[in-house]
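One point on numbering: in full-length UniProt numbering, the residue at position 182 of the sequence shown is 182, and numbering is uninterrupted.
A short write-up of the structure that comes next.
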Amino acid sequence: ALDYSHSMGIMHRDVKPHNVMIDHENRKLRLIDWGLAEFYHPNQEYNVRVASRYFKGPELLVDYQYYDYSLDMWSLGCMLASMIFRKEPFFHGHDNYDQLVRIAKVLGTDELYEYLEKYQIELDPRFNEILGRHSRKRWERFVHSENQHLVSQEALDFLDKLLRYDHNDRLTAKEAMDHPYFYPIVRDQGRPMNATSQVLLSNNG
Numbered sequence: 001a002l003d004y005s006h007s008m009g010i011m012h013r014d015v016k017p018h019n020v021m022i023d024h025e026n027r028k029l030r031l032i033d034w035g036l037a038e039f040y041h042p043n044q045e046y047n048v049r050v051a052s053r054y055f056k057g058p059e060l061l062v063d064y065q066y067y068d069y070s071l072d073m074w075s076l077g078c079m080l081a082s083m084i085f086r087k088e089p090f091f092h093g094h095d096n097y098d099q100l101v102r103i104a105k106v107l108g109t110d111e112l113y114e115y116l117e118k119y120q121i122e123l124d125p126r127f128n129e130i131l132g133r134h135s136r137k138r139w140e141r142f143v144h145s146e147n148q149h150l151v152s153q154e155a156l157d158f159l160d161k162l163l164r165y166d167h168n169d170r171l172t173a174k175e176a177m178d179h180p181y182f183y184p185i186v187r188d189q190g191r192p193m194n195a196t197s198q199v200l201l202s203n204n205g
């Protein structure tokens, strides 16, 4: 669904579990609620007050307005992490400031500062008191007896390539569909996945 909408020049900007409808009988998904969707134009500033807190990309939390389709891919990564680690939501911030702190505790503060420096982003002074110093955590640390049956090396690699501070380092929706994590689905279907035939877009929320 994201590949199709992105190919049409549209950012959804509110990807979250409540906006995904599952039709188990027909094995189809619907990505709904396009109220925050926007056409993407390169080098245009966009409102950072979009998306639900637990699924906000770092770019929104540091007020970086030149974001793009990759914002949706971060939100997808948050959903994937919640599913495979059985932790809903995965980044559980109490407010937008705490949300970035929760992310930094997993992805690391050094990596955050590298991202800020690369895009010349000035961090809100309030973070000086709450951010602290955190090393990057390995995804394996979140695997335990109750979720290990949902986790594979392909799943962790897929997740790692979605949850990146730098929006330009995240997989695109098209690249994501080609990731080995989905190979079993393609094999079971006996034919290549197609974004428009496998996933339906709906404007009814």
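Cβ coordinates follow ideal geometry from the N, Cα and C atoms, glycine included.
Ranked by Cα distance from Glu117, the options Asp23, Val62 and Lys161 are led by Val62.
Where Ile22 is concerned, the enclosing beta strand (DSSP E) starts and stops at Val20 to Asp23. Judged by beta-carbon spacing, Met11 lies within the 9 Å limit of Asp68, meaning their Cβ atoms are closer than that value. Straight across, the Cα-Cα distance linking Leu131 with Tyr165 is about 15 Å. Looking at the backbone, the Cα of Phe158 and that of Arg53 are separated by about 22 Å. About 6 Å separates the beta carbons of Ser135 and Gly108, which is inside the 8 Å limit, making them a contact pair.
A Cβ-Cβ separation of about 17 Å leaves Leu112 out of contact with Leu162 under the 8 Å criterion. Per DSSP, the unbroken beta strand (DSSP E) holding Lys28 starts and ends at Lys28 to Leu31.
Spanning the alpha carbons of Pro184 and Phe85 requires a straight line of approximately 20 Å. In this model, Pro180 and Glu154 are separated by some 6 Å (Cα to Cα). For Ile22, the number of other beta carbons within 10 angstroms of its own is below 16, and it is reported as exposed.
DSSP places Phe55 within a helical segment (H, G or I) once states are collapsed to three. Per the C-alpha coordinates, the member of Asn128, Leu156 and Asp124 positioned closest to Trp139 is Leu156. Here Asn128 is exposed. Its C-beta has fewer than 16 other C-beta atoms within 10 Å. At a cut-off of 4 residues, the continuous stretches assigned as alpha helix (DSSP H) that sit fully inside the segment 63-129 are 70-85, 96-107 and 109-118. Rounded to the nearest angstrom, the Cβ distance from Glu45 to Arg13 is 14 Å, too far for a contact under 8 Å. Counting C-beta atoms within 10 angstroms of its own C-beta, Lys28 has fewer than 16 neighbours from the protein chains shown and is therefore classed as exposed. The DSSP-derived three-state label of Glu140 is helix.
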